[in-house]
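K.L.:
Below are the structure tokens for one structure; questions will follow.
Residue numbers (our numbering): -12 to 285.
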């Protein structure tokens, strides 16, 4: 087999220049993916670098990754302080249409899963199969009021105190098992030092997670009527080790609202990671599970 060639392209969106990468399928070997849809791998605010390991398990497919607006190489050109799932959805539409390859298969993780649900509700003809892995939409949770308030507090903490205190709250929130208490404000704030995070505020406020995407992502409510009517096959997934956590609970609620079973994938929220950002999942097993789900669309 030949080594996959990677080409970088851009699309001009409203308020941002969006970068995406195309990795051509390897040819000449068993399992040549000729005829298979393009496989688009997305996160948010995680950029294309987070999918290097997962992409390597699909050498027979043309794989596309991208940097969401305000993350990685895709800088905002309008100076806006926050990004919405609807904006991300339109950016994804532009990327898919620029590929000119027909409907894609789409694996979307975390905030990317929220954005992908917004995309499919608006433009179902662009996606053959969507695998939405742990979309952290607080709107669907039974404890939505507490969850939304906690997310708003994380964002406010970031604006007021900087990255360390806000990220400590974020980590404690996403790793918590079970519903959020209405008395969450009475709980002591976690210390940034306990997570190896900076305790001093460096004054920056350009974090794509805590600043740009925190509010829009978690407050997004999927258009379930549009999603149920969509031609796209939609699979909602969560990691086996994530059971009881914020994003996995949201995934279960989204699947229930769509009337579909929740697909349980190996590992945790970042189960596809192979050392990116210092995190390790079970990428080989994760990729196998994803391949099986996508094959069911054939």
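Beta carbons are placed, not taken as given, at the ideal position from N, Cα and C, and that holds for glycine.
Can you tell me the Cα-Cα spacing of residue 283 and residue 38, whole angstroms?
P.N.:
Using only the alpha carbons, I get a separation of about 22 Å.
K.L.:
Alpha carbon to alpha carbon, what distance is there between residue 228 and residue 164?
P.N.:
Spanning the two alpha carbons is a distance of roughly 11 Å.
K.L.:
Check the DSSP bridge columns for residue 53 and list the partner residues they point to.
P.N.:
DSSP output for residue 53 lists 7 as bridge partner(s).
K.L.:
For residue 287, name the three-state secondary structure that DSSP assigns.
P.N.:
The question about residue 287 has no answer, for the chain in this structure spans -12 to 285.
K.L.:
Note down the Cα distance separating residue 143 from residue 265, rounded to an integer number of angstroms.
P.N.:
Going from the Cα of residue 143 to the Cα of residue 265 covers about 27 Å.
K.L.:
Can you name, in chain order, every residue of its own chain whose Cβ lies under 8 Å from the Cβ of residue 247, other than the five neighbours on each side?
P.N.:
The residues are 221, 222 and 223.
K.L.:
Spatial neighbours of residue 280 within its chain, please: C-beta separation below 7 Å, excluding the five flanking residues on both sides.
P.N.:
Cβ within range, chain order: 118, 222 and 250.
K.L.:
Here's the rule: buried if 16 or more other CB atoms are within 10 angstroms of the residue's CB, otherwise exposed. What is residue 129?
P.N.:
It is exposed - the Cβ of residue 129 has fewer than 16 other Cβ atoms within 10 Å.
K.L.:
Quick check: the Cα distance between residue 154 and residue 141, rounded to an integer number of angstroms?
P.N.:
Approximately 8 Å, taken between the alpha carbons.
K.L.:
Report all residues from its chain with a CB closer than 8 Å to the CB of residue 30; omit the five preceding and five following residues, and keep chain order.
P.N.:
Correct list, in chain order: 37, 38, 55, 95, 96, 97, 98 and 99.
K.L.:
Quick check on this structure: which residue in 137, 226 and 50 has the alpha carbon closest to the alpha carbon of residue 173?
P.N.:
Checking every option, the nearest Cα to that of residue 173 belongs to 137.
K.L.:
Of the residues 199, 159, 101 and 44, which one's Cα is nearest the Cα of residue 238?
P.N.:
Measuring from the Cα of residue 238, the nearest candidate turns out to be 101.
K.L.:
When you compare each of 0, 277, 90 and 152 to residue 24 by their alpha carbons, which one comes out closest?
P.N.:
Of 0, 277, 90 and 152, the residue nearest in Cα terms is 90.
K.L.:
Would the stretch 44 to 61 count as touching the stretch 108 to 117 if we require 3 or more Cβ pairs under 8 Å?
P.N.:
Result no; under three Cβ-Cβ pairs closer than 8 Å.
K.L.:
Quick one, are the C-beta atoms of residue 127 and residue 240 less than 8 Å apart?
P.N.:
Taking 8 Å as the Cβ cut-off, residue 127 and residue 240 qualify as a contacting pair.
K.L.:
Could I get the ranges of all uninterrupted beta strand (DSSP E) runs contained in the stretch 24 to 106, with 3 residues as the minimum, in chain order?
P.N.:
Whole beta strand (DSSP E) segments, 3+ residues: 26 to 29, 50 to 53 and 91 to 96.
K.L.:
In terms of alpha-carbon separation, which member of 149, 212, -7 and 214 lies closest to residue 189?
P.N.:
Closest by alpha carbon: 149.
K.L.:
Once DSSP output is grouped into helix, strand and coil, what is the label at residue 115?
P.N.:
Strand.
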